[in-house]
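Visitor: Here's a structure for you.
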Amino acid sequence: MRVDLIRHGRTERPGVLLGRTDAAATDASLSDLTRQTDGRTWSAIVSSPLRRAHAFAERLAQERALPLRIDSDWCELDFGDWDGQRVETLRADPTVAAHLDAFYRDADAPPPPGGESWRALEARALRGLGRLLDTGPSNSALVVAHGGPIRAALALACGLPFTATWAIRIDYGTRVTLDIGRGPDEKIWGEIVEVVQP
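Numbering (this note's numbering), first residue to last: 77 to 274.
As structure tokens, this is what we get:
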């Protein structure tokens, strides 16, 4: 199955940890997403329910007369008490800075206070990938999501170590195309077809 994973457009809150904070994407950033999707076809569109992803997905689904499914498993990681905070503000506290560094370095590190672990995000991404495959191997899909779940999907489908996903630039509007399937053991496999920056 061919899947395009695209990160939502830029928001008006740069430098902020936007997990479940529901900020909208800027109108200007929609042109990047439009360029990334022009000339591509899918059987369906799947989107995170957060506005920065959902607004574009809904517009594109209407323009293309495609079914749109909202799937909360493609939401960004929940940063808990850090959510909506500026990274530089968090880093001003040495204890929080050390926690933040460990969290991005180690998938098994403790999550943000009141937040979600990377392993929980991976479990969500695995469910999301499974639902895509359940639609049938001959189908194709566009998933409009966030950096975190896209990295988790890459790690799971392609067998990449968590830390290796940081070597792939997934900026706002980046499109990652995967071929995914299930092996005889029902384990999901994947191959990166292309990574296209906006």
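Where is the CB? At the ideal position from N, CA and C, for every residue including glycine.
Would you mind sorting tryptophan 118 into buried or exposed? The rule is 16 or more other CB atoms within 10 Å of its CB.
Guide: With 16 or more other Cβ atoms within 10 Å, it is buried.
Visitor: For leucine 254, which three-state DSSP category applies?
Guide: If DSSP states are grouped into helix, strand and coil, leucine 254 belongs with the strands.
Visitor: First and last residue of the beta strand (DSSP E) that includes aspartate 80?
Guide: Counting along the chain, the beta strand (DSSP E) containing aspartate 80 begins and ends at 78–83.
Visitor: Considering only residues of the same chain and omitting the five flanking positions on each side of leucine 202, which have a CB-CB separation below 6 Å?
Guide: Contacts found: Leu232.
Visitor: What are the start and end residues of each continuous alpha helix (DSSP H) run of 4 or more residues lying completely inside the segment 148–209, in chain order?
Guide: If we require 4 residues or more, the alpha helix (DSSP H) runs fully inside the segment 148–209 come out as 163–167 and 170–181.
Visitor: For the segment 79–141, which segments carrying the beta strand (DSSP E) assignment without a break, of at least 3 residues, lie completely within its bounds, in sequence order?
Guide: Counting whole runs of 3 or more residues, the segment 79–141 contains the beta strand (DSSP E) stretches 120–123.
Visitor: Which first and last residues belong to the beta strand (DSSP E) in which isoleucine 246 is found?
Guide: Segment: none, isoleucine 246 is in no beta strand (DSSP E) and carries neither H nor E.
Visitor: Could you please give the first and the last residue of the uninterrupted alpha helix (DSSP H) stretch that includes leucine 230?
Guide: Leucine 230 -> alpha helix (DSSP H) spans 223–234.
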